[in-house]
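Protein chains in written order, with the numbering used here: chain A, 520 to 727; chain E, 520 to 727.
Here is the structure:
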């Protein structure tokens with residue numbers, strides 16, 4: 520029975536090398552109703568990058584205006600660097616259509632999003648162990664020893680933020696991680712707090 | 520990878536005729552690690568009933584002692600009637616083994632269980648509408664008109680307790696309801712709050 524619901528905002532974090540991108544891509548390949556959030560940035564487009572697809576490209580003035588208008592779920596600005604932010608409008612429009620939006624973001628960003636959007640679902644993708652994560656980074660063959668050390672140390676810091684997340688998915692076997700993400704999506708849609716309209720209809724004698 | 524976890528306590532409510540028993544039986548048939556909670560009662564066994572399987576049969580004195588020892592998740596006693604209760608020990612022992620326990624109980628009982636066991640997962644099985652529920656009761660061909668009217672009125676009262684539940688599963692097609700129960704179980708096991716030991720191991724450098 521068709522019961523059109525507001526889509527979910529899935530905030531996904533996890534250390535570099537854990538395979539967030541692989542898991543999310545596999546999830547999206549199976550579910551066309553899942554979208555990846557598109558960030559806004561003040562940096563210039565690189566060749567081939569399309570506005571509204573890879574990023575929403577903004578001038579510094581436009582970005583500042585959006586900040587003033589509270590148009591971001593979160594944004595980040597390091598002095599002298601480009602701005603990056605998550606526009607509320609894209610996320611909200613997709614969710615209103617019933618699509619789910621995945622937002623890949625670091626642990627600081629995730630906290631800001633949860634504060635701005637309390638019904639966001641926070642998922643942390645963790646490695647089976649720090650040593651396995653390190654081995655994966657080494658296996659890429661593209662990282663210097665220093666980069667690997669920095670990333671491993673950062674990973675430990677990030678893992679300490681795990682209790683702030685709603686769910687923890689261990690990316691051991693990608694297919695299993697994807698199934699777990701699917702279970703999280705399905706279960707979250709069944710939360711009574713997300714079905715207040717349905718409950719009102721049901722107690723009012725309507726068919727839902 | 521084997522990560523033995525404490526099983527879940529799934530409290531399942533729903534109006535008479537909604538098909539709770541059918542959904543739970545189908546779920547248990549697929550998952551041998553799910554057990555049905557066994558109640559204790561002071562009523563005498565009926566022919567064929569086995570102690571510890573259908574009920575834990577207790578004398579009035581034994582039941583009173585268990586109440587004094589806080590050995591029930593919830594119990595009910597209407598003056599002059601038999602006692603019924605949910606012993607904590609059975610639920611805890613099964614959960615410690617990693618099994619999930621389903622407790623089918625009314626909305627008052629569910630509230631008591633949630634208070635005694637805050638990590639219980641409360642699922643309400645709802646009909647697609649009150650009129651469909653009524654039609655199902657009529658279809659049984661075993662209920663008097665008066666009984667149907669009483670049950671439909673009770674159902675409406677029960678539906679009003681929906682916001683106290685964590686999840687709502689609409690039993691429209693049994694197989695879909697079973698899949699939804701499975702998603703709830705899978706997702707709940709991924710909650711960070713249920714994985715504090717794993718998180719400690721992971722941040723301590725262990726493989727999980």
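Glycine included, each C-beta is placed from N, C-alpha and C at the ideal position.
Can you list, in chain order, the residues of the segment 635 to 659 of chain A whose Cβ is nearer than 9 Å to any Cβ on chain E? Listed by position, the residues of the segment 635 to 659 of chain A near chain E (Cβ gap below 9 Å) are 641, 642, 643, 645, 646, 647, 648, 649, 650 and 651.
What in chain E is Cβ-close to residue 682/A, meaning under 9 Å? Residues of chain E passing the Cβ test: 711, 712, 715 and 718.
Test: residue 528/E CB closer than 8 Å to a CB of chain A: No, no contact with chain A.
Between residue 579/E and residue 560/E, is the Cβ-Cβ spacing less than 8 Å? No, the Cβ-Cβ distance between residue 579/E and residue 560/E is not below 8 Å.
Option in 613/A, 618/A and 594/A with minimal Cα separation from residue 583/A: Here the closest residue by C-alpha is 594/A.
CA-to-CA distance, residue 574/A to residue 603/A, given in whole angstroms: If you take the alpha carbons of residue 603/A and residue 574/A, they lie about 9 Å apart.
Distance, residue 638/A Cα to residue 553/A Cα: Distance between the alpha carbons of residue 553/A and residue 638/A: 17 Å.
Length of the line joining the Cα atoms of residue 703/E and residue 589/A: For residue 703/E and residue 589/A, the distance between alpha carbons rounds to 35 Å.
DSSP has residue 595/E in a bridge; who is on the other side? Residue 595/E is bridged by DSSP to 603/E.
Within chain E, partners of residue 685/A - CB distance below 8 Å: Around residue 685/A, the beta-carbon contacts reaching into chain E at under 8 Å are 710 and 711.
Exposed unless 16 or more other CB atoms sit within 10 angstroms - verdict on residue 687/E: Residue 687/E is buried by the Cβ-count criterion.
Select from 670/E, 720/E and 684/E the residue whose C-alpha is nearest the C-alpha of residue 536/E. Here the closest residue by C-alpha is 670/E.
Give a yes or no on whether 8 Å exceeds the smallest Cβ distance from residue 726/A to chain E. Yes, because at least one Cβ of chain E sits closer than 8 Å to the Cβ of residue 726/A.
Residue 605/E, buried or exposed, once every other Cβ within 10 Å from all chains shown has been counted against 16: Residue 605/E should be labelled buried.
Extent of the continuous alpha helix (DSSP H) to which residue 701/E belongs: Its alpha helix (DSSP H) spans residues 693 to 708.
Counting only the same chain and skipping the five closest in sequence on each side, list residues whose C-beta sits under 7 Å from that of residue 556/A. Once the five neighbours on either side are set aside, the close Cβ partners of residue 556/A are 605, 609, 610, 620, 621 and 622.
What number of angstroms, rounded off, separates the C-alpha of residue 677/A from the C-alpha of residue 684/A? The alpha-carbon atoms of residue 677/A and residue 684/A are separated by roughly 11 Å.
If contact means a Cβ-Cβ distance below 7 Å, which residues of the segment 692 to 706 of chain E contact chain A? Residues of the segment 692 to 706 of chain E with a C-beta atom less than 7 Å from some C-beta of chain A are 699, 702, 703, 705 and 706, listed in chain order.
Opposing strand residues paired with residue 570/E [DSSP bridges]: Answer is 574/E.
Less than 8 Å between the CB atoms is what I'm expecting for residue 667/E and residue 657/E, so what's the real figure, rounded? Right, their Cβ atoms sit about 6 Å apart.
Contact list for the segment 616 to 627 of chain A against chain E, Cβ threshold 8 Å: Taking 8 Å as the Cβ-Cβ cut-off against chain E, none of the residues of the segment 616 to 627 of chain A qualify.
Under 7 Å Cβ-Cβ, which residues of chain E neighbour residue 525/A? Here the premise fails: no neighbours, minimum Cβ distance about 15 Å.
Three-pair Cβ contact test at 8 Å for the segment 708 to 720 of chain E versus the segment 524 to 532 of chain E: Using a C-beta cut-off of 8 Å, the segment 708 to 720 of chain E makes contact with the segment 524 to 532 of chain E, since at least three inter-stretch Cβ pairs fall below that distance.
I need the DSSP call for residue 608/A, collapsed to helix, strand or coil. Residue state, collapsed to three classes: helix.
Short check: CB of residue 700/A to CB of residue 546/A, under 8 Å? Going by C-beta atoms, residue 700/A is nearer than 8 Å to residue 546/A.
So which residues on chain A does residue 722/E lean against when the C-beta distance must stay under 7 Å? Within 7 Å Cβ-Cβ: 675, 678 and 679.
Which residue from 549/A, 694/A, 607/A and 565/A puts its Cα closest to that of residue 631/A? When 549/A, 694/A, 607/A and 565/A are compared, the shortest CA-CA separation from residue 631/A is found for 607/A.
Once DSSP output is grouped into helix, strand and coil, what is the label at residue 635/A? In the structure shown, residue 635/A sits in a helix (DSSP, three-state: H, G or I).
Kindly indicate which residue of 662/E, 615/E and 725/E has the alpha-carbon position closest to the one of residue 646/A. Answer by Cα proximity: 725/E.
Run through chain E and tell me which residues come within less than 9 Å of residue 688/A, C-beta to C-beta. Listed along the chain, the chain E residues whose CB falls inside 9 Å of the CB of residue 688/A are 709.
Using DSSP with H/G/I as helix, E/B as strand and the rest coil, what is residue 718/E? In this structure, DSSP gives residue 718/E a helical state, which the three-state scheme calls helix.
Quick check: the Cα distance between residue 721/A and residue 612/A, rounded to an integer number of angstroms? For residue 721/A and residue 612/A, the distance between alpha carbons rounds to 27 Å.
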